[in-house]
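Numbering (UniProt numbering), first residue to last: 1 to 322. Heads up: the structure comes next, in structure tokens.
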């Protein structure tokens, strides 16, 4: 696991969450366990369960329930990854082959369904109706966000407003659910619950903005995925939307055509265009603005190493290179 201090603050809890994940992956069907173990052992950042632990402990919540909630969030996230890779026909994630590339689409979708189902069993075990309300809503909103994004593939008329609606659904919602459910489990005040809900939303938006930025600035080895994946799939992300809106007529036409046809034939030209138009700088500044607003939300928490870790995690979200 990465050595940042925001992991060290909850190291023992994080290890316990890993054990819960391994235990809950058990199935009487060997292929379910095999695929589940493959994707959960891929070495991701696990920022969402980390947010649960840090927010809960910042509010004074300790114990097995908090760890179980963190594991539940990771199961929800992993289920979405399995489904996303099938929808996007992705062959690479976190530097290795996707589950669908190894086992096919049908097993990947069905194991994703298994993980969703298991997460709801874990929610029932928690026995918190407020948590169930937050997470069941989040699951629906995430699905709607993915469908909205799918409906906009190769649509060069997509606006920044629609783009923000997409990323709030498909990415920020689970960040928000992580921080909001931790506050609910900790029985925090209404002010604290709302502040942490907003914190998660803003952090999630910033995280996706950086992801979309790295699709043009990063390299495949560091990212653990193919650079230009979004362009190849015809997804109109913010750097492209901005270039069409604010770039020269030639830059706008180049991007519009690339979105409409998909593929990577024009990737280098697109990279030059989004840089020259100011789209990358615009996207990076928006990410920084959202993180600043997220950090401001943490003022409702008492001073502690956990609040400090949440600030550091937020700063990492926009400084990262993968």
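Here a beta-carbon is modelled for each residue, glycine too, at the ideal position from N, C-alpha and C.
Query, Result
"Just grab the DSSP bridge partners of residue 96 for me.", "93"
"Measuring alpha carbon to alpha carbon, tell me which residue in 155, 173 and 122 is nearest residue 145.", "173"
"When we look at the beta-carbon of residue 244 and count the other beta-carbons within 10 Å, is it buried (16 or more) or exposed?", "buried"
"Alpha carbon to alpha carbon, how far is residue 7 from residue 253?", "45 angstroms"
"Quick one, are the C-beta atoms of residue 212 and residue 230 less than 8 angstroms apart?", "yes"
"Are the Cβ atoms of residue 247 and residue 154 separated by less than 8 angstroms?", "no"
"I'd like the span of the alpha helix (DSSP H) that includes residue 88, first residue to last.", "64–88"
"Indicate the three-state DSSP secondary structure (helix, strand or coil) for residue 335 in the structure shown.", "The first residue shown for the chain is 1 and the last is 322, placing residue 335 beyond what the model contains."
"Taking only three categories from DSSP, how would you classify residue 37?", "helix"
"So, does the segment 14–22 touch the segment 132–144, judging by three or more C-beta pairs under 8 angstroms?", "no"
"Which residue's Cα is closest to the Cα of residue 73: 100, 236 and 115?", "115"
"Residue range of the alpha helix (DSSP H) that residue 29 falls in?", "Per DSSP, residue 29 belongs to no alpha helix (DSSP H) and is neither H nor E."
"By the three-class DSSP mapping on this structure, what secondary structure does residue 45 have?", "coil"
"Given a threshold of 16 other Cβ atoms within 10 Å of its Cβ, counted over all protein chains shown, does residue 26 qualify as buried or as exposed?", "exposed"
"What residue from 321, 319, 295 and 320 has the CA that sits closest to residue 55's CA?", "295"
"Compute the beta-carbon to beta-carbon distance between residue 197 and residue 171, rounded to the nearest angstrom, for a pair I have assumed lies under 8 angstroms.", "Residue 197 to residue 171, Cβ: 15 angstroms. No contact."
"Tell me whether the segment 299–306 and the segment 262–282 touch, counting them as touching only if at least three CB pairs, one residue from each stretch, are closer than 8 angstroms.", "no"
"Are the beta-carbon atoms of residue 195 and residue 318 separated by less than 8 angstroms?", "no"
"In angstroms with no decimal places, state the Cα-to-Cα distance between residue 1 and residue 203.", "Summary for residue 1: the model assigns pLDDT 37, below 50, so the residue's position carries little reliability, and this model does not support an answer."
"Which of the three DSSP states is assigned to residue 61 in this structure?", "coil"
"To the nearest angstrom, how far is it from the Cα of residue 314 to the Cα of residue 291?", "6 angstroms"
"Grouping DSSP H, G and I as helix and E and B as strand, with all else coil, what is residue 22?", "helix"
"Tell whether a beta-carbon distance below 8 angstroms holds between residue 11 and residue 310.", "no"
"Which of the three DSSP states, helix, strand or coil, is assigned to residue 265?", "coil"
"Tell me where the alpha helix (DSSP H) around residue 285 begins and ends.", "279–297"
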